[in-house]
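A.B. asks: Under numbering that gives the first Met the number 0, the first residue of the sequence shown is numbered 0, with each subsequent residue one higher. Cβ coordinates follow ideal geometry from the N, Cα and C atoms, glycine included.
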Amino acid sequence: MDWVPHGLGPPWILTSTFPRDQTVLGLQRPKHTVDLGSHQLKVVNSRYLRKNTFQVANYKLFDAPDEPLFPLNTKADLDLSGPHVDAISRAIKGAGIRRQYVQILFPDFAFQTFTLPISEKVSEEEKLNAINQEIATYLPDEAERPEWIIERKELGKLHTNTLTFMAMIKQRHVLEVGEFFQSRGAYPTVVDISLLNAINVFHDYLTDPDNRERNIGILYFGHQASSLAIYKDGLLTTLHVRGISSEGPQEPLLGGRAFTKRILEHFKFTQTQAESYKREEVFFLPEFVPEQDKITNYQVIKPVFGDLVRGLFGLTEHYVATFREFKVDEIIMTGGGANFSNIDVVLGGHLNIQIRKGSEIVSILDASGNELPDDVKNVLTPAIGMCIREEGA
């Protein structure tokens, strides 16, 4: 490969504290990525084939417990017990990844993140003060900070600002999950954020000369929550795993689970029935027209869809105001929630932004060279992105 994968370069959080049995495993590179999604666990082995084209050697999908492994409140403890123990154990065994190194993706909402634009005219000391002030908004008690992994990455310059990205996660979350994998015979080498790796899949698109001057968002529409990154001139300018708030803690962006819950409660369905109904019935029309409001199913999910629209509108408006840009030109939607038929059309109409599903932009082939179904492509995007990051390292 003649390019560096597009997320943030090298693996983000190195779990170097895990002991490894080098006499058994040697120094092999991890071939598999394990994506700890809140609806399905995904185990993927894939590679970059050519421009906008990837090949998946194999993949396995396993149902995850309904209640998420990671708490929505990033300061709370995770619940690595009962159903989650069974689900991860089943994935390790079913995917045949015992006695192998693996890479692990955590859901984005497990992290606190921020992108800080700082004037290039300020001193290094002033820059560090600004960063420390931002950290203090999440962790006001300095004595608490050693319990967290805090990673910082200089992104580059946009206009007259230097951009710094930071991600924070409780150290115990990383260690407990990593140690559990190791106890089951799979050896973790790195933990990372799902959205940063989903971005890698769209590297060629983001750096295409025709797109360099455009503001392009990547929306990872997950089950429990969603997250949004925005690129300009091939540069990550902002990444949000939560909403914008001046009145207390930022809430995670709404995910597909909220739609399922609304359908389940309205129709008195089981969880399985609600998920099937969401996939098979008409909620969104293929055009953004007034007749949309006449769709009965749309009326059922309209309140939560409205929350999604407002959340994304707030993030895009915040971006435009912060960086003095004219507009967000396009959003690429990926993740399992992108498989909600025609949601891209109606969401784009409300936001006045072109929205395209990631499955339309890239080609993802199976081991035999056949195109994977669109719904599978959207679900596997982050794990594929992590595999190619390792390939390009």
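Under 7 Å Cβ to Cβ from H265, same chain only, skipping five residues before and after it: list those, please.
C.D. replies: Closer than 7 Å at the Cβ level, and outside the excluded window around H265, lie V299.
A.B. asks: Identify, in the order they occur along the chain, each residue of the same chain with its Cβ nearer than 7 Å to the Cβ of L235, setting aside the five sequence neighbours on each side.
C.D. replies: Short of 7 Å from the beta carbon of L235, and not among the five residues preceding or following it, lie these beta carbons of its own chain, in chain order: L154, F164, A228.
A.B. asks: If you follow the alpha helix (DSSP H) that G347 is in, where does it begin and where does it stop?
C.D. replies: 342 to 350
A.B. asks: Would you tell me roughly how many angstroms separate the C-alpha atoms of K156 and N51, rounded to the nearest one?
C.D. replies: 26 Å
A.B. asks: So with Cβ pairs under 8 Å, would you call E274 a contact of chain D?
C.D. replies: The structure shown has no chain D; it contains just one protein chain.
A.B. asks: Go ahead and pull the three-state DSSP assignment for E370.
C.D. replies: strand
A.B. asks: For I130, name the three-state secondary structure that DSSP assigns.
C.D. replies: helix
A.B. asks: Nearest CA to the CA of E359: which residue from A142, M332, E123, G347?
C.D. replies: M332
A.B. asks: Which residues does DSSP pair with H172 in a beta bridge?
C.D. replies: DSSP lists no partner for H172.
A.B. asks: Is it buried or exposed for N369, if we count other Cβ within 10 angstroms and need 16 for buried?
C.D. replies: exposed
A.B. asks: Going by DSSP in three states, F61 sits in which element: helix, strand or coil?
C.D. replies: Secondary structure at F61: strand, using DSSP grouped into helix, strand and coil.
A.B. asks: Evaluate L127 with the Cβ neighbour count: other Cβ atoms within 10 Å of its Cβ, from every protein chain shown; 16 or more gives buried, anything less gives exposed.
C.D. replies: exposed
A.B. asks: Closest by CA to A63, which one among H83, F312, Q102?
C.D. replies: H83
A.B. asks: Can N296 and V308 be called in contact, C-beta distance under 8 Å?
C.D. replies: no
A.B. asks: One question on the structure: do P381 and S193 come within less than 8 Å of each other, judged by their Cβ atoms?
C.D. replies: yes
A.B. asks: Give me, in chain order, the residues of the same chain whose beta-carbon lies closer than 8 Å to that of D343; leave out the 5 immediate sequence neighbours on both sides.
C.D. replies: Around D343: M332, A337, I354, R355, K356.
A.B. asks: Once DSSP output is grouped into helix, strand and coil, what is the label at K267?
C.D. replies: coil
A.B. asks: Using the C-alpha atoms, what's the distance from T321 back to P139?
C.D. replies: The alpha-carbon atoms of P139 and T321 are separated by roughly 24 Å.
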